[in-house]
Every structure is written in structure tokens, then in C-alpha cells.
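Have a look at the structure below before the remarks.
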Amino acid sequence: MSERTPLIVGNWKLHASHLEAIQMVQKLSYRLDPDDYDRVEVVVAPPFTALRSVQLVIEQDHMRIGLGAQNVFWEGSGAYTGEVSAPMLAKLAVRHVIVGHSERRRHFGETDETVRKRVEAVLAAEMRPIVCVGETLEEREAGKAEEVVVAQVRGALAGLDREAVMSSSIAYEPVWAIGTGRTALPDDAALICGAVRGTVRELTDGEAAESVRVLYGGSVSAGNIKDFMAKRDVDGALVGGASLDPDKFAAIVRYRM
């Protein structure tokens, strides 16, 4: 098994003005020590309107917190009112871009095809996509969780070369666990994360599969992060609500096995 540095990402969703975002990232940095950053790669993904402000405070205060974005459009420029391109994000020193979150699939009609186009745009701008996959409650109850997730992984990574796949992370977020307080059992999450890694292996090779980080997301907390991180194929977390509280998010980052 390769040594995969855990990746813990705070997805702030539709929360925080640029002023509030500055305070949030400053408070988070105060709560983390150098050894925390040595163990874990920490990323925050504010709303678009706060990206520049958070970028500046990270750079000016020499924080070791990575900057992420919550979405991206696949075209580099053009008559696409309201969209934000990958080159625009790259100029803001964004490192990671969340792609295909289930909330965007559900509310904004994103498909496996548009997710793949976004992944390609992120990679072309030399950033790293965090590809979100996950089943609904109905799909899980029908015994189709693994089938659905594998199909989403294949759709998102279709046509990518080995190096592109190795630059990506994949976040397994069961739709029914997002923002509900419900979580997948660690063994169930590990089973699906293992299927994700197995799919990457089929698309590329063993070395690439071992290098890709697979995250779990869905009501992650300081109380359950250790149980998920104990699983071989879970390499981090995509954190929603808990990431809005610097104390709670810092406690997740600072988990110890």
C-alpha cells in the first residue's frame, strides 16, 4: 500500500460572506499546529465570493491551508452568464475543485457527462478535482449502491489518462447522509470506497489505484472521523456542516488513531 497523505476538505457550501470567511479561516489556523499539517492536508472551499479574500489571508499569514472551490464550468470563457471557469480559479491559487456534488446533481441537473467535462477542465488548469459520487437512499435499499457509485466513477474518469486519474481524488458521499445527521456505517463506507479504488484499478493500474485518495463524506464529525479513517481505503473526509465551526473542524483534522 502506498503512503497516502489524508485529505480533509471543508465544504462551506452557501455560507459565509467574504468577511465571515476571513474570520473562519483565521480561527481554524489558530487551532491547528505544525504537526497537524504534517499529518493531514487541510483544504477549505468557501463560496466563490469569498475565494479572493481567503486566498489573501492564507498567503499573507503564511497558512498551510489549501484553497478549494465548490464548482467550476467546463468552458474557459464565453457567453455563459453566471459561470466561473477553471482558469479563473487557478489565478486565485485554488488547488482543489469539488466536482459533481450530489446537491449539484440534484438541484442543478448535473450528469456524469457534465461532471467529466468539469473534471477535464480542472485538470487542464493544473488543479486537482475532488469527484463526488454517491447513491440515494432508494438506490441503497434496492441493493444498487455499489453499482451506482461505480458507474459514476467510470463516467467521471472516462477517457482520462493515468496521470490525470492520479491527480484526482474521489469523495464517496451517500446522498442520504449529507446534512441529515445520518452516516454510513464505517464498514459500509469502506466497502464502497474499496469498490471505488477497484474501479480506478480497472481503468488504470494498481499503482495509480493505490495513489488516488478516496474520501468519505456525509455528516462527518469529530466523534466518527476516527472510525472512518481506520479503514484501509478511506483516505480523508469531505466535511460539510461541521467545517463551518472552526473548533469542530479542527477537532476532525486533529484526529489520532
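Position 22 (the sequence shown) corresponds to 21 in numbering that gives the first Met the number 0; numbering is contiguous. Every residue gets a Cβ at the ideal spot worked out from N, C-alpha and C, and that includes glycine. Quantities reported herein were computed from a predicted structural model and do not represent experimental measurements.
{"query": "What is the DSSP secondary structure of Tyr79, reduced to helix, strand or coil?", "result": "coil"}
{"query": "Do you know how far the Cα of Pro33 is from the Cα of Gly77?", "result": "42 Å"}
{"query": "Name the two residues that bound the continuous alpha helix (DSSP H) containing Gly180.", "result": "Where Gly180 is concerned, there is no enclosing alpha helix (DSSP H), given that its DSSP letter is neither H nor E."}
{"query": "Any chance the stretch 185–203 sits against the stretch 229–238, with 3 or more Cβ pairs inside 8 Å?", "result": "yes"}
{"query": "According to DSSP, simplified to helix, strand and coil, what is Ser16?", "result": "coil"}
{"query": "Helix, strand or coil for Ile64, going by three-state DSSP, please let me know.", "result": "coil"}
{"query": "Is it buried or exposed for Met256, if we count other Cβ within 10 angstroms and need 16 for buried?", "result": "exposed"}
{"query": "Mind checking which residues open and close the alpha helix (DSSP H) that includes Ala250?", "result": "Pro245 to Val252"}
{"query": "Three-state secondary structure (DSSP) at Glu109?", "result": "coil"}
{"query": "If you reduce the DSSP assignment to three classes, tell me which class Leu6 lands in.", "result": "strand"}
{"query": "Using 10 angstroms around the beta-carbon of Met0, count the other beta-carbons present and answer buried if the total reaches 16, otherwise exposed.", "result": "Legend: pLDDT at Met0 = 40, less than 50; position of this residue unreliable, value from coordinates given subsequently. Result: exposed."}
{"query": "Pair every Cβ in the stretch 203–217 with every Cβ in the stretch 142–155, then say whether three or more of these pairs are closer than 8 Å.", "result": "no"}
{"query": "Using CA atoms only, rank isn't needed, just tell me which of Tyr171, Asp160 and Lys12 is closest to Leu50.", "result": "Lys12"}
{"query": "May I ask you to report which of helix, strand or coil DSSP gives Ser167?", "result": "coil"}
{"query": "Tell whether a beta-carbon distance below 8 Å holds between Ala194 and Gly216.", "result": "no"}
{"query": "Nearest to Gly9 by CA position, among Lys225, Ser220 and Val233, is which residue?", "result": "Ser220"}
{"query": "Please give the ranges of any alpha helix (DSSP H) in the stretch 85–147, keeping only runs that are unbroken, at least 4 residues long and fully inside the region.", "result": "85–89, 101–107, 111–123 and 136–140"}
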